[in-house]
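J.: Can you keep this structure in mind? I'll have questions shortly.
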Amino acid sequence: MRSEASSSWKSTAGPAWKSRTRTPRVCSGVSAWWNRWERTGAPRRNASRPSFSLTPRTGAFRPRVRAQPCPLPVGPRLKGRGVLPMPADSPVLPREFYRGRTRAWKVVVAVALVVAASFGSLVAAGFVNPARLFGPHVQRSEWAFTMSGVRELNARGLTGAGVTVCIVDSGIDLLHPDFGNVRLLAWRDFVNLRPSPYDDSGHGTAMAGLIVANGSLRGAAPDASLIVAKVVNAAGDGSDQNVAQGVRFCVDPWGDGRKGADIISLSLGAKARAIYQSAVVTAVAWATSQGVFVVAAAGNDGLFDDGDVELPATVPLAIAVGAVDMDGVKAPFSSMGSSMNRTDPNLKPEVVAPGMRLISTTPGARYATITGTSPATALMAGVLALLLQAKPNLRPGGVAGNILLVKSALAAGSRKAAVQEVPHDPWYGYGIADGLATLVLL
């Protein structure tokens with residue numbers, strides 16, 4: 001039996017690596033692949049992204065390296081910026097910040113955390129020079145909102161108004177100009193116990209931007225209200241107990257039984273084998289029993305997949321979200337699911353959503369490119385907010401049956417990828433989430 005301290009939680013978006021060791025043979029094609037991606041905007045369909053597994057170390061919050069990572073070439077987007085490798089659920093977890101020489105704007109690269117001791121790592125995510133991201137540059141991720149049906153729902157007047165989303169992550173920087181109209185209903189810091197909202201890692205702010213930003217960047221549900229639980233520290237670590245408390249806080253933020261969140265967004269997780277008795281799994285199962293929708297990252301195991309999504313996406317009524325690129329092709333780091341002991345519509349993952357090279361908000365009035373099942377999860381939370389605005393009768397009321405109804409519609413309304421198995425694929429789930437098609441079926 002493991003103690004609470006035997007695992008840590010990390011957020012799901014990943015790193016640019018600096019390595020002084022000899023490059024493994026498997027890395028021989030990585031440089032060409034990465035350069036092609038930077039040049040064309042997307043990898044070839046048969047290209048594979050290297051990812052590396054983490055194993056938690058008993059009695060500590062720092063995982064030990066189980067595989068030597070390939071050093072990823074740093075593209076022009078990251079040149080001159082400091083690099084902060086942050087694991088999600090597959091690459092190596094560094095023990096410190098690696099800062100390169102900064103330019104006039106002094107940016108630190110790293111908005112792709114992972115909230116779990118074994119929560120996979122994603123692709124290199126770096127802060128981008130804000131001077132280059134105003135106007136059309138910030139909008140270059142619009143393909144993701146279009147692919148998921150968000151903009152079609154927005155065009156019908158759906159903006160998430162009246163719906164509350166709870167983000168359990170590293171916090172939020174409310175001073176970002178794109179959050180000028182955000183309505184924050186409740187905040188709780190389970191790490192440092194600070195009374196005012198902040199974000200000392202950047203991951204939570206990036207997730208919030210994809211959901212509620214309403215400035216240079218427009219999120220999926222800009223009029224949704226927020227509840228934020230900070231459960232991850234500046235290094236990207238969080239205890240099982242803190243994450244569980246964050247989930248429970250979302251459901252009852254004022255401690256008096258008044259309704260809290262309609263949706264809980266969890267862009268974090270841990271290996272199923274890493275936590276034998278997880279307080280987070282218990283908390284998520286309880287939240288879904290109250291009719292609260294929980295969206296959780298499938299994980300970023302990638303090429304070293306262990307055969308199932310990560311905790312707490314394993315909870316039956318939770319919606320596990322994998323990631324695809326702009327061509328609708330499964331991201332190579334996105335975790336596969338298992339159908340063992342599961343039935344429709346709870347096969348894992350349930351859906352996939354855009355999660356490659358999305359632009360989002362980061363602390364300090366900046367923006368960043370982020371990749372992983374983390375942003376895919378946040379985007380899916382935004383889609384759900386639009387659906388619940390359109391169908392208020394499906395919002396939480398202590399009835400878990402509404403979750404099954406929505407999950408069935410998601411499964412039936414999802415667009416099938418060209419190479420996926422039907423009706424359910426272990427990588428693509430039931431398909432690529434389509435908000436408009438799902439609404440028609442509800």
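For the sequence shown, the positions run 1 to 442 when our numbering is used. Beta carbons are placed, not taken as given, at the ideal position from N, Cα and C, and that holds for glycine. Given the structure is predicted, the values throughout are model-derived calculations rather than measurements.
1. Tell me whether N402 is buried or exposed, calling it buried when 16 or more other Cβ atoms sit within 10 Å of its Cβ.
2. Note down the Cα distance separating M326 from M207, rounded to an integer number of angstroms.
3. Do V231 and G246 come within 7 Å of each other at the CB atom, strictly closer than that value?
4. Around the Cβ of L387, are there at least 16 other Cβ atoms within 10 angstroms (buried) or fewer (exposed)?
5. What does the alpha-carbon distance come out to for the pair S148 and G291?
6. My output table needs one value for F190: the three-state DSSP class, helix, strand or coil.
7. Give the secondary structure of A261 by DSSP, where H, G and I count as helix, E and B as strand, and everything else as coil.
8. What does a CB cutoff of less than 6 Å around E152 pick up in its chain, not counting 5 residues either side in sequence?
9. What number of angstroms, rounded off, separates the C-alpha of L72 from the C-alpha of A323?
10. Could you tell me whether the Cβ atoms of A409 and T438 are closer together than 7 Å?
11. Are the beta-carbon atoms belonging to R183 and S216 less than 7 Å from one another?
12. Between L158 and the rest of its own chain, which residues show a CB-CB distance below 7 Å, the 5 nearest in sequence each way excluded?
13. Could you check where the alpha helix (DSSP H) with S289 kicks off and where it finishes?
14. Exposed or buried, which one is D223 when buried takes at least 16 other CB atoms within 10 Å?
15. Which ranges would you report for the beta strand (DSSP E) in the region 296 to 369 if only whole runs of at least 3 residues count?
16. Per DSSP, V293 is paired with what?
17. List the whole-angstrom C-beta distance separating M340 from D305, where the pair is believed to meet the contact cut-off of C-beta under 8 Å.
18. Which residue marks the beginning of the beta strand (DSSP E) containing I227, and which one marks its end?
19. Checking 7 Å against the spacing of the C-beta atoms, do T377 and V295 come in under that value?
20. Taking the beta carbon of D301 as the centre, do at least 16 other beta carbons fall within 10 Å, making it buried, or is it exposed?
21. Taking the beta strand (DSSP E) that V168 falls in, what are its first and last residues?
22. V243: which of L358, V165, A279 sits nearest, CA to CA?
23. Taking just the CA atoms, how far does A270 sit from F482?
24. With V150 as the anchor, note down where its alpha helix (DSSP H) starts and where it stops.
25. From H203 to A213, what distance separates their C-alpha atoms?
26. State the Cα-Cα distance for the pair W427 and P349, rounded to the nearest angstrom.
27. Got a sec? Which residues, its chain only, sit under 6 Å from Q420 by beta carbon, not counting five neighbours each side?
28. What first and last residue would you give for the alpha helix (DSSP H) that runs through H203?
29. Please confirm whether A433 and V351 have their CB atoms less than 7 Å apart.
30. Go ahead and pull the three-state DSSP assignment for G444.
31. Just mark S239 as buried or exposed, buried being the case when its beta carbon has 16 or more other beta carbons within 10 Å.
32. Reducing DSSP to helix, strand and coil, say where S141 ends up.
33. Evaluate N233 with the Cβ neighbour count: other Cβ atoms within 10 Å of its Cβ, from every protein chain shown; 16 or more gives buried, anything less gives exposed.
T.: Per the coordinate set shown:
1. Locating residue 402 in the sequence shown gives position 402, where the first residue counts as 1. Per the 10 Å Cβ criterion, buried.
2. For the purposes of this step, residue 326 is taken as the residue at position 326 of the sequence shown. For the purposes of this step, residue 207 is taken as the residue at position 207 of the sequence shown. Roughly 19 Å between the two C-alpha positions.
3. Position 246 of the sequence shown, counted from the start, is the residue given in the question as residue 246. Position 231 of the sequence shown, counted from the start, is the residue given in the question as residue 231. Yes.
4. Your numbering for residue 387 matches position 387 in the sequence shown. Buried.
5. Against the sequence shown, residue 148 aligns to sequence position 148. Against the sequence shown, residue 291 aligns to sequence position 291. Cα to Cα, the separation comes out at about 24 Å.
6. Sequence index remark: in the sequence shown, residue 190 carries index 190 (1-based). In this structure, F190 counts as coil in the three-state DSSP scheme.
7. Taking the first residue of the sequence shown as position 1, residue 261 is located at position 261. The answer is coil: DSSP assigns A261 none of H, G, I, E or B.
8. Position 152 of the sequence shown holds residue 152. Taken in chain order, the residues that qualify are L436.
9. Translated into the one-based positions of the sequence shown, residue 72 becomes position 72. Translated into the one-based positions of the sequence shown, residue 323 becomes position 323. For L72, the predicted model reports a pLDDT of 34, less than 50, meaning its position is unreliable; a value from the coordinates is still stated below. The straight-line gap from Cα to Cα measures roughly 20 Å.
10. Here residue 409 corresponds to residue number 409 of the sequence shown, with the count starting at 1. Here residue 438 corresponds to residue number 438 of the sequence shown, with the count starting at 1. Yes, they are a contact pair.
11. Reading the sequence shown from its first residue, position 183 is the one you call residue 183. Reading the sequence shown from its first residue, position 216 is the one you call residue 216. No, the pair does not count as a contact, with Cβ atoms beyond the cut-off.
12. Residue mapping note: residue 158 aligns to position 158 of the sequence shown, counting from 1. Same-chain partners within the cutoff: L386, Q389, A390.
13. The residue you call residue 289 lines up with position 289 of the sequence shown. First-last of the alpha helix (DSSP H) with S289: 279 to 289.
14. Reading the sequence shown from its first residue, position 223 is the one you call residue 223. Label assigned to D223: buried.
15. 319 to 324, 351 to 354, 358 to 362
16. By 1-based counting over the sequence shown, the position of residue 293 is 293. Looking at the sequence shown, residue 293 is not Val but Phe. In DSSP, F293 forms a bridge with I263.
17. To locate residue 340, count along the sequence shown from 1; it is residue 340. To locate residue 305, count along the sequence shown from 1; it is residue 305. Actually they do not touch by this definition, with Cβ atoms about 15 Å apart.
18. The residue labelled residue 227 in the question sits at position 227 within the sequence shown. Unbroken beta strand (DSSP E) run through I227: 225 to 230.
19. For the purposes of this step, residue 377 is identified with residue 377 of the sequence shown, where counting begins at 1. For the purposes of this step, residue 295 is identified with residue 295 of the sequence shown, where counting begins at 1. In this structure, V295 lies closer than 7 Å to T377 by Cβ.
20. Residue mapping note: residue 301 aligns to position 301 of the sequence shown, counting from 1. It is buried - the Cβ of D301 has at least 16 other Cβ atoms within 10 Å.
21. As a first step, residue 168 is located in the sequence shown; it is residue number 168 there, counting from the start. Counting along the chain, the beta strand (DSSP E) containing V168 begins and ends at 164 to 169.
22. Taking the first residue of the sequence shown as 1, we reach residue 243 at position 243. For the residues L358, V165, A279, the minimum Cα distance to V243 belongs to A279.
23. Nothing about residue 482 can be read from this structure; the chain reaches only from 1 to 442.
24. Within the sequence shown, residue 150 is the residue found at index 150, counting from 1. That run of the alpha helix (DSSP H) goes 150 to 155.
25. By one-based count along the sequence shown, residue 203 stands at place 203. By one-based count along the sequence shown, residue 213 stands at place 213. Looking at the two C-alpha atoms, the distance is approximately 14 Å.
26. Counting from 1 along the sequence shown, the entry for residue 427 is found at position 427. Counting from 1 along the sequence shown, the entry for residue 349 is found at position 349. Taking the straight line joining both Cα atoms gives about 7 Å.
27. Position 420 of the sequence shown, counting from 1, holds the residue named residue 420. Taken in chain order, the residues that qualify are Y428.
28. For the purposes of this step, residue 203 is taken as the residue at position 203 of the sequence shown. Residues 203 to 212.
29. Position 433 of the sequence shown, counting from 1, holds the residue named residue 433. Position 351 of the sequence shown, counting from 1, holds the residue named residue 351. Against a cut-off of 7 Å, the Cβ pair of V351 and A433 comes out as a contact.
30. With the chain covering 1 to 442 only, the question about residue 444 has no answer from this structure.
31. Along the sequence shown, read from residue 1 onward, the residue named residue 239 stands at position 239. Burial call: buried.
32. Taking the first residue of the sequence shown as 1, we reach residue 141 at position 141. Looking at S141 - three-state DSSP - the assignment turns out to be helix.
33. By 1-based counting over the sequence shown, the position of residue 233 is 233. By the neighbour-count rule (16 or more Cβ atoms within 10 Å), N233 is buried.
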